[in-house]
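Here the sequence shown is numbered in this note's numbering, starting from 28 and rising by one per residue. Quick reminder that beta carbons are idealized off the backbone N, C-alpha and C, glycines included. These figures come from a predicted structure and were not determined experimentally. Structure record follows, encoded as structure tokens.
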Amino acid sequence: MPDLVRYEVKDGVAVVTIDNPPVNALSPNVWTEIDQAVQRAVADPAAEATVLIGAGTTFIAGADIKVFDLLKTPQDSIARSAGTHALLRRMEDSTKPLVAAIHGNALGGGLEVAQACHFRVATRDAKVGQPEVLLGIIPGAGGTQRLPRLAGAQMALEMCTDGKPVAAPKALAAGIIDRIVDGDLLSGAIAFAREKARAREIRKVRDIPHAADAVKAGLAACEATRAALKKTAKGMQAPFAAVSAIEAGLKLGFDEGSVRERELFAECVVSTESKALRHLFFAEREVAKVPDVPKDTPAREIKRAAVVGAGTMGGGIAMTYANAGIPVLLKDVDDAALQRGLATIRRNYDVTMSKGKMTAEQVEKTMALITPTTSYDGFDQVDIVVEAVFENMDLKKSTFAELGKVTRPDCILASNSSTLDIDEFAKASGRPAQVVGHHFFSPANVMKLLEIVRGRETSKDVIATSLKLAKKLGKVGVVVGNCFGFVANRMLAYYMREAYLLLEEGASVEQIDRVLTEFGLPVGPFGMQDIAGIDVGARIRQYLASIGKSRAEGPQSAVPDRLFEMGRYGQKTGAGWYKYDAPGSRNRTPDPLIEQLAEDEARKRGIARRPVADDEIIARITTALANEGARVIEDGYATRAGDIDVIYVYGFGFPRHRGGPMFYADTVGLDRVLARVTDYRRRFGDYWAAAPLLERLAAEGRGFYSEAAAPA
Ligand code: CAA
């Protein structure tokens, strides 16, 4: 086994190099070896100071997240943290100046190790952060105690509750680091360490006092942060725990504050919230691994792109490419359509600019990457075309037939269809191996999910290229199979079916939306439809009816079709499931008409309306998602349960702290989920048949994430 931590002496300074690829995570052995190396330096007469540095592309990206799974009880955690705290104290007590040399990232435990050093230097592009809250925990190695002493309580509160990394120049201004090194980091760090050795300067962060007025201001900042979190982090534990730990340090001092940090960390690390967020951390990285597409499958560089269709989706997709610095042709049939599309793009950038997220210059530079066109001129130069024309099979087929002729044979032909069979387009194009679905979510320039739809003949390098491209575009790409609605919309049909049926049974639009937003979704099903457009779903239903299909098993409520017939398409027409102040307004009020429509439908279908409890709404909707998700896995349209969770978190804002619909089902218990399905089948009908995978797992006492939970 190679050493995880190397020791050498250079120019009279001990250099301790952490070498645990890929991100120098602090596995238990790394902790031990850092400790040993720092103590060795203290005893080494050849060294007057010590530099701690990371090998490879980064300093330390934090504790090894997998190790948290071993902490089964708060007591396990407290015992382990006490050891870590003592180790860091030993480092801090080093009698020779100890300097952290940071490049890449110093995150979580990585920044805490750096804070236990006497000084910190960093490259200009380095980042430091306490992202633990994104994993449902708090800094557990003294970060809530040392960071406020270095950077002040306000900055520490921000970093520990939003988890966002801070760039080196800002960290320098805040006092988190002491110097930026512009040349070679190690040489700069050694020179800095020698300066400190000559000056006999050692600074223990734990001894930096909090001035009385700083304590007062800090405690007020804790209160203010807590109040703000009540709105932004409703239902979550970790952000509040981070505030409490910082507050304890301010009130009680370093030692007692550290004890409180350990206790709060321990409560968080065993919480469902943390398990869910850790699950998503790995699930998000796992999606890029497609079993039959090996890691070394060649992925092409996408240097130029084209988008066909300048509507809402096409425009958003063109923006996505331009934002990533990729020049993109944007084609539509005539100038009027193009101008409309460009005006929307301009409006979107203006909003971004007004929020201070882009400068006027950046906007102009980005817009200059989008070239409008009404012809196929230049399509022979692009590496990918994304088709985003109207959702109509004949139109899409003819578009693919044209694209097959006007592009290079190796050009990837992607469709943004949200429902149609991409194998049909593949056939029409004449080169099916290059055809793939790239299903963006609206608004395409904002939503992070990209469903990469694999057709019957899509080549492996097209899949590998799509995954690499998704990352470049700032998206999370998930490979899915080519079934109706793919994964996201196929499951959404079941979610919507239940929402409509609950409405007919007696729940109200406002109740259902409220319950789901309280559960953690950014918007409930009806609010979502009013944004997306009731006409979109209605037209898909019409198309399906024309080919004798339906989106989901079971009864389909007629209420949304009635709204469509009335021209109530949602926000854009000023009325949908809600009434709006004006077309395009977001200011909504409940509309008694919906209750009337629901009553009519219930009467026609012989349903006796009744009060519906909030719990039943959550249970019905999440059970429908889990049951259909199980079918999706069993049918092979998703590689694993984690892919579905990632799709739902990024595509529909399923609350991260619940881990996604499949992880959530595991937390409910699959035996209970199955019992609900059985109960619904008895009450509502056979369309509530249990997915065989759900039945099997429940019978075996397992969950979607138990070992070997894949279909037999
Ligand atoms: N523990 C274990 N594995 C980790 C890890 C960690 N802290 N950080 C990254 N990895 C793994 C990833 O799972 C991935 O593995 P695979 O290649 O097998 O999929 C590999 O390292 C590379 O990671 P990324 O794909 O994410 O690489 P990137 O270059 O896109 O991003 C990064 C690098 C910014 C460091 C990112 O990995 C990241 O944000 N890591 C987590 C940072 C974090 O949350 N740290 C806090 C940990 S908790 C803590 O430290 C508590 C404490 O107080 C002691």
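{"Item": "Report buried or exposed for Phe690, applying the criterion of at least 16 other Cβ atoms within 10 angstroms of its Cβ.", "Value": "buried"}
{"Item": "Looking at the unbroken alpha helix (DSSP H) that takes in Thr77, where does it start and where does it end?", "Value": "No alpha helix (DSSP H) contains Thr77, which is instead part of the beta strand (DSSP E) from 76-81."}
{"Item": "Apart from the five residues on each side of it in sequence, which residues of its chain come closer than 7 Å, Cβ to Cβ, to Glu628?", "Value": "Glu531, Ser584, Ala585, Val586"}
{"Item": "By the 10 Å Cβ neighbour count, where 16 or more other Cβ atoms means buried, how is Ala41 classified, buried or exposed?", "Value": "buried"}
{"Item": "Which residues in the same chain have their Cβ closer than 7 Å to the Cβ of Arg253, if we skip the five residues on either side of it in sequence?", "Value": "Phe267, Val270"}
{"Item": "Tyr664: which of Lys197, Gly482, Ala415 sits nearest, CA to CA?", "Value": "Gly482"}
{"Item": "In whole angstroms, what separates the C-alpha of Val741 from that of Thr299?", "Value": "No answer is possible for residue 741: it lies beyond the span of the chain, which begins at 28 and ends at 739."}
{"Item": "Quick one: give me the first and last residue of the beta strand (DSSP E) that Thr694 is part of.", "Value": "From DSSP, Thr694 is part of no beta strand (DSSP E) but of the alpha helix (DSSP H) over 688-695."}
{"Item": "What's the C-alpha gap between Ser456 and Thr379?", "Value": "37 Å"}
{"Item": "What's the gap between the Cα of Gly135 and the Cα of Asp120?", "Value": "21 Å"}
{"Item": "Please determine, among Phe86, Glu294, Val69, the residue with the shortest C-alpha to C-alpha distance to Pro166.", "Value": "Glu294"}
{"Item": "For Asn132, report the span of its beta strand (DSSP E) as first-last.", "Value": "132-134"}
{"Item": "In angstroms, rounded to a whole number, what distance separates the CA positions of Asn56 and Gly686?", "Value": "30 Å"}
{"Item": "In chain order, which continuous runs of the alpha helix (DSSP H) of length 4 or greater are located wholly inside the stretch 38-90?", "Value": "55-70"}
{"Item": "With a threshold of 7 Å, establish whether the CB of Pro101 neighbours any heavy atom of ligand 1.", "Value": "no"}
{"Item": "Look at Glu290 and Ile105 and say whether their C-beta atoms are less than 8 Å apart.", "Value": "yes"}
{"Item": "Exposed or buried, what is Ala395 when buried is set at 16 or more other beta-carbons lying within 10 Å of its beta-carbon?", "Value": "exposed"}
{"Item": "Are there three or more Cβ pairs, one per stretch, closer than 8 Å when the stretch 360-368 is compared with the stretch 427-434?", "Value": "no"}
{"Item": "How about the stretch 410-421 and the stretch 375-394: do they share at least three Cβ pairs that are nearer than 8 Å?", "Value": "no"}
{"Item": "Thinking C-alpha only, which one of Phe86, Arg647, Ala238, Val462 is nearest Tyr521?", "Value": "Arg647"}
{"Item": "Counting Cβ pairs closer than 8 Å, one from the stretch 207-223 and one from the stretch 231-242, do we hit at least three?", "Value": "no"}
{"Item": "Counting only the same chain and skipping the five closest in sequence on each side, list residues whose C-beta sits under 7 Å from that of Pro682.", "Value": "Phe546, Gly547, Leu548"}
{"Item": "On a CA-only basis, which of Ala73, Gly678, Val563, Glu626 is nearest Gly603? Give me that one, please.", "Value": "Val563"}
{"Item": "Between the C-alpha atoms of Arg566 and Leu246, what's the straight-line distance to the nearest angstrom?", "Value": "56 Å"}
{"Item": "Consult DSSP for Tyr605 and reduce its assignment to one of helix, strand or coil.", "Value": "strand"}
{"Item": "Within 7 Å: the Cβ of Gly669 and any heavy atom of ligand 1?", "Value": "no"}
{"Item": "Taking only runs of the beta strand (DSSP E) that begin and end inside the stretch 101-146, which ones reach a length of at least 3 residues, in chain order?", "Value": "125-129, 132-134"}
{"Item": "Is the beta carbon of Gly341 closer than 8 Å to that of Leu357?", "Value": "yes"}
{"Item": "By DSSP, does Pro325 sit in helix, in strand, or in coil?", "Value": "coil"}
{"Item": "By alpha-carbon positions, which one of Val505, Leu138, Gly190 ends up nearest to Ala310?", "Value": "Val505"}
{"Item": "Output yes or no for whether 8 Å exceeds the beta carbon distance between Ala238 and Gly202.", "Value": "no"}
{"Item": "How would you call Gln264, buried or exposed, if buried means at least 16 neighbouring beta carbons within 10 angstroms?", "Value": "buried"}
{"Item": "Leaving out five residues before and five after Tyr707 in sequence, what residues of the same chain have Cβ atoms less than 6 Å from its Cβ?", "Value": "Trp715"}
{"Item": "Applying the 10 Å Cβ sphere with the 16-neighbour rule, what's the burial state of Ala68?", "Value": "buried"}
{"Item": "Below 8 Å on the Cβ atoms is my guess for Gly39 versus Ala73; work out the distance and round it to an integer in Å.", "Value": "7 Å"}
{"Item": "Is the stretch 149-162 in contact with the stretch 280-289, if contact means three or more CB pairs nearer than 8 Å?", "Value": "no"}
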